[in-house]
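Residue numbers (this note's numbering), protein chains in the order written: chain Y, 1 to 324; chain U, 325 to 648; chain X, 649 to 981; chain S, 982 to 1314. We treat Cβ as the ideally placed atom computed from N, Cα and C, and that holds for glycine.
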Ligand SMILES: Cc1ncc(C[n+]2csc(CCOP(=O)(O)OP(=O)(O)O)c2C)c(N)n1
Ligand SMILES: Cc1ncc(C[n+]2csc(CCOP(=O)(O)OP(=O)(O)O)c2C)c(N)n1
Ligand SMILES: [Mg+2]
Ligand SMILES: [Mg+2]
């Protein structure tokens, strides 16, 4: 199996999508970011330049370009270089794309995929560090996935492009260089399925996106202290795989919810609420939340670090959940 | 004390704001809705027509009209007739207004008030029934209040207009006709303070906006069954008055979170997470969530009713929390 | 005048009558039924709507706004199912999930009604993009009001359509009033200065003149088909006095075709609109004055349409409300 | 040529040199320090930026975009504090919280930098509204690039400014490239067709010609002050070849004023830009050719500015990083 970084894997997923479906089409550029991994996009351009278009800086109409085209049967992949740019298309995502199928009573679908780079990314500052997937999740009609590694990125993008629903793929900007073995062939990872990324018996860290990577590192560290951490990657916030999450907490009896969306009404809040509602009696201790604190992301490196959920905060949370 | 409906009370709050502060100014129209209460606006127009302006249907630039003017020292009140219209100004709310003070390191403030009618309102359908305050709450830098009655509406609007921060006032469209005694004189209700609207000992319903009204009715009903309900109106989701919420649950040992934002990553999720984190050991049973289910709001009356949190769902949730 | 045959003109007139009688029935339904929501009627826009519908070919797509009923009917949706939808009934076009503001009928090409100002124009631009990518010969229509030009997304969509050369026909119904406001709030001298600045071919037509509108839209659609590029047509209309009614009402009365010939009988505060702005009465008069049809023929047509709408109403009112469980289905495809 | 005194022209030139030497230092800082984020340098825009700053009067306000450094310096912020901000240091203009993309200095009227395309233009329109409501004689400036015209909110802001007659001067730096794209993606024949359609007085100027830009902005600002209405000035510029550098670089080399007179020494892939587009070299040549200043005088001025920037850099690099706890303060006023 070849090694791929996340940028290469997502481009690979995209290439397979375009190969398999003549209705697949791309709106946007810079799909592999502007960092050291950006060359991954070259393969895509080489094979499919004619199916890619570079739109103006008009996020709202560009979203509708995708939605409207999807309503005629196309499967557009619409890329936003930074998730916050899509704030200009908020209405088009949550109040147009999301409603197409339901409000027509199933007469018509909008199989569009929106692809956004999110996250505290190093120097993004107050306006460019947004991770809006908790906000999107507080709205029906959108499938939302957050790949935490190359293999998932490829399989989830393929599934997003094959889905008949509007789907948002949230890629953490700092994961683009992450490398692992990725199958060369075409495959999909079903939307809405969590994955236990590490088995453990003492505490469940329920996480997604970059926090999964951090949780895995924290787990390695905690193993040395005799704490056996289970890491559940929810992969998708909509639909949410409640069964897998609840099963893990029923097993360990303790939970840490770790995620980079903001604390209030964020993904970590939802995970704790879900577990409290469905598995309250299985909890042996209060759940612990690791999330982005309620402050804009400052530019200065030490300040940015202070607001970033990360390995040591997750490890501390696990210790706390385990009464250490 | 005079009786006022909520529309009259909010106009009264606005009138006091304009009287007390020459920098207060109004952008928008239809502040008292378009329903039977709309005449409440006449008083405002009579006294302050020259300080009101009717903008084009340009939600994004209109938001910035307010924010930019606020940055020069004005205190604009910007009204959106239906909350979802402000989706077109998402970036301007969460990524511009919210960041002004922090990212300038306190050099400049943006004391703007955004006023939005939200909620499942009877016939609003999939596109006009939004209640985006959980989404807004998943972002720092905005104060967000949701008055549940006339007295709160007046006092919170006054406080919002006096605040040095960007503040969002979310009024439930169906509460405009709600009537109660409201002090005639000028007063403020501090932002970020919850209020126990009904004392009880068996179960705490933590709610806001219209769900407070429903919870009060459910409490009356449940009293007949021997269940003594405490109703906590959070009034503000940012800042969130964790102490009052937690104190109530510590007292009753049981909680129902009732709110009209969507279930996933909604206000009810946050309330359950907050209590689970801070008062887990005080809980005698699993918390129960009453929220808007993850479906667009259908137009047809029986369908709309099916997705609306309301008295009977809150009452059932209380019974469940109490093991009945 | 035009060289169109009598049949074509009568066919248009029938569409116009259906549109008008449909809306009049909506007012009656609103007076009778409690839950019907707020309506934005298309009365006064029939010449434009019918002309647009007649310019459409099978496979063409159209997206509309809140003021959509006319288009739904003109493009051929079943009026019974449209009434049922407005009443939130099970047999509604959208199964009761959409209501008046979201009527659509994919079988007639009416892909959606977006009730967000700026929604239809951007979606229709996207649909045109989809059609173009698929190499279809079809074109896309965007219906919207003058107030839509206030919205940034409208400007963005116009720019995209021009830049990418998309086959979309922009139908701007300028009723000189955005929503309930006295006038559009665009600082342009003419609405068309915006598409003009974006290098979109544009034209203007009297949107209450059935013949002129039909000819204009036939030409405009032909331009879009042959060039593959967008065209913008501004349709001037005098706003129907009932447009800003929050509650249902008949400010101009139920349309009486006879008034086309008995102008002296027209009185009241809205006499001017009825006399010179009502496209139905204008068309009625033109038929008879040019000898194309007689008063009796038109009256007979009207009677048939009225019966049709009566039957449609009966169908809709007989339709049950959907089961509550239906609320939870169809969120995802 | 203009009737401006030698002093005014030299004062402008000094601002331009400060702007240039500032940016060149930023490149050096970026090469040296790890954490500096992405920079959008204002090299090549100095004639415009200095002209705008000179048209400002005390109490006027300006909002800028991502390409903001030139305005920060031209309007008089302390370069040491500006460097410190770009380095994320405690003495930065924004205490390290903003970085390059959000530099502001309320004491000089520079209210904010929004790094969202369309942010500055709409905020400046709002500021103009605030000034107008307060009866101030002051005006508001909006700096933005040609790509900004792609954004709907930009169009909306222009419309609002025109409709409400707001005292805002729109400074559109047309460097013929939006971001890293080969050209602006507006379907208009000329950028100014958009403000023109919205009935905003508009003009165009060679934005790399210091004298022309200064005269134009003095006039434009005067128009805004006297009429209370918006004016739109398009400044044409040839994009600096370093603009789309992801990593810091000196594609055109450190500016050497002597090249103004030794054009034959200019070579390499960017020779054309250096020869004819660099506003600093153009101004240098104009001074000497017109006899307004000697090469030695200009070189001496340059040396002073260079020393100033060197001191500013030293100040910034000596400034400590803020304490982590600072991250949590100031969310609310
Ligand atoms: C984004 C958005 N903002 C505001 C509204 C409220 N609204 C409904 S209709 C309307 C006026 C539209 O005017 P115009 O486009 O001219 O259509 P008309 O009603 O005149 O046919 C407005 C502002 C909305 N539906 N969507
Ligand atoms: C809303 C939004 N969309 C996209 C971007 C990404 N972006 C940053 S700069 C830029 C290009 C802006 O071009 P222009 O306005 O001409 O300024 P220039 O860089 O040429 O000075 C873009 C698209 C952004 N910052 N904000
Ligand atoms: Mg109109
Ligand atoms: Mg540019």
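>> Restricting to Cα atoms, I'd like to know which of S:1076, S:1118, S:1061 is closest to residue 1210 of chain S.
In response: S:1118
> For residue 908 of chain X, which residues from the same chain have a beta carbon less than 6 Å from its beta carbon, with the 5 sequence-adjacent residues on both sides left out?
Replying inline: 929, 932, 933
>> If I follow the unbroken alpha helix (DSSP H) through residue 307 of chain Y, where does it start and stop?
In response: 301-307
> Hey, residue 1007 of chain S and residue 1044 of chain S are a contact pair by Cβ (cut 8 Å); roughly how many whole angstroms apart?
Replying inline: Going by Cβ atoms, the distance from residue 1007 of chain S to residue 1044 of chain S rounds to 21 Å, so no, they are not a contact pair.
> According to DSSP, is residue 560 of chain U helix, strand or coil?
Replying inline: strand
>> What I want to know is whether the C-beta of residue 1126 of chain S ends up closer than 7 Å to one or more non-hydrogen atoms of ligand 4.
In response: yes
>> Quick check on residue 982 of chain S: buried or exposed, where buried means 16 or more other Cβ atoms within 10 Å of its Cβ?
In response: Confidence is the limiting factor: at residue 982 of chain S the pLDDT is only 46, short of 50, which leaves the residue's position unreliable and the question unanswerable from this model.
>> For a cutoff of 8 Å on Cβ pairs, would you count residue 664 of chain X as touching chain S?
In response: no
> Are the beta-carbon atoms of residue 205 of chain Y and residue 256 of chain Y separated by less than 8 Å?
Replying inline: yes
> Quick one: is residue 649 of chain X near chain Y, going by C-beta distance under 8 Å?
Replying inline: Unreliable positioning characterises residue 649 of chain X in this predicted model, as indicated by a pLDDT of 46, which lies under 50. The coordinate reading is nonetheless provided below. Answer no: the Cβ-Cβ gap between residue 649 of chain X and chain Y never drops below 8 Å.
> So what's residue 521 of chain U in DSSP terms, helix, strand or just coil?
Replying inline: strand
> Quick one: any contact between the segment 72-92 of chain Y and the segment 724-740 of chain X, if contact means 3 or more CB pairs under 8 Å?
Replying inline: no
>> Could you give the first and the last residue of the continuous alpha helix (DSSP H) run that contains residue 133 of chain Y?
In response: 133-137
>> ligand 2 and residue 1156 of chain S: does the residue's C-beta get closer than 7 Å to at least one heavy atom of that ligand?
In response: yes
> What residues in its chain sit with their C-beta under 7 Å from that of residue 1313 of chain S, if we drop five residues either side in the sequence?
Replying inline: none
> What does residue 638 of chain X reach in chain S if we use C-beta pairs closer than 9 Å?
Replying inline: Residue 638 of chain X is absent from the model: chain X starts at 649 and stops at 981.
> So what's residue 649 of chain X in DSSP terms, helix, strand or just coil?
Replying inline: Low per-residue confidence applies at residue 649 of chain X: pLDDT is 46, beneath 50, and the placement is therefore not dependable, though the value from the model is reported in the following sentence. Coil.
>> Give me the subset of the segment 1290-1313 of chain S whose CB atoms are less than 9 Å from a CB atom of chain C, sorted by chain position.
In response: Of the protein chains in the structure, Y, U, X and S, none is chain C.
> For residue 1187 of chain S, does the three-state DSSP call read helix, strand or coil?
Replying inline: strand
> In chain U, which residues lie with their C-beta within 7 Å of the C-beta of residue 127 of chain Y?
Replying inline: 419, 423
> In the segment 474-544 of chain U, which residue ranges form an unbroken beta strand (DSSP E) of at least 3 residues, counting only runs that do not cross its ends?
Replying inline: 491-496, 503-505, 519-522, 527-531
> Nearest-angstrom Cα distance between residue 774 of chain X and residue 464 of chain U?
Replying inline: 34 Å
>> Let's test the definition: count the other Cβ atoms within 10 Å of the Cβ of residue 42 of chain Y and tell me whether it reaches 16, buried, or not, exposed.
In response: exposed
> Under the rule that 16 or more other beta-carbon atoms within 10 Å means buried, what is residue 894 of chain X, buried or exposed?
Replying inline: exposed
> In its own chain, which residues sit with a C-beta less than 7 Å from the C-beta of residue 704 of chain X, not counting the 5 before and 5 after it?
Replying inline: 710, 723, 757, 789
> In its own chain, which residues sit with a C-beta less than 6 Å from the C-beta of residue 1065 of chain S, not counting the 5 before and 5 after it?
Replying inline: 1072, 1073, 1297, 1300
> What's the call for residue 743 of chain X, buried or exposed, on a 16-neighbour Cβ count within 10 Å?
Replying inline: buried
> What residue does the alpha helix (DSSP H) around residue 602 of chain U start on, and which one ends it?
Replying inline: 591-603
> Does DSSP put residue 3 of chain Y in a helix, a strand or coil?
Replying inline: strand
> Do the CB positions of residue 444 of chain U and residue 584 of chain U come within less than 8 Å of each other?
Replying inline: yes
>> At the level of alpha carbons, what is the spacing between residue 995 of chain S and residue 1034 of chain S?
In response: 12 Å
> How is residue 848 of chain X classed by DSSP in three states: helix, strand or coil?
Replying inline: coil
> If you pair each beta-carbon of the segment 295-302 of chain Y with each one of the segment 468-488 of chain U, do three or more pairs fall below 8 Å?
Replying inline: no
> With a cut-off of 8 Å, does the C-beta of residue 492 of chain U fall near any C-beta of chain Y?
Replying inline: no
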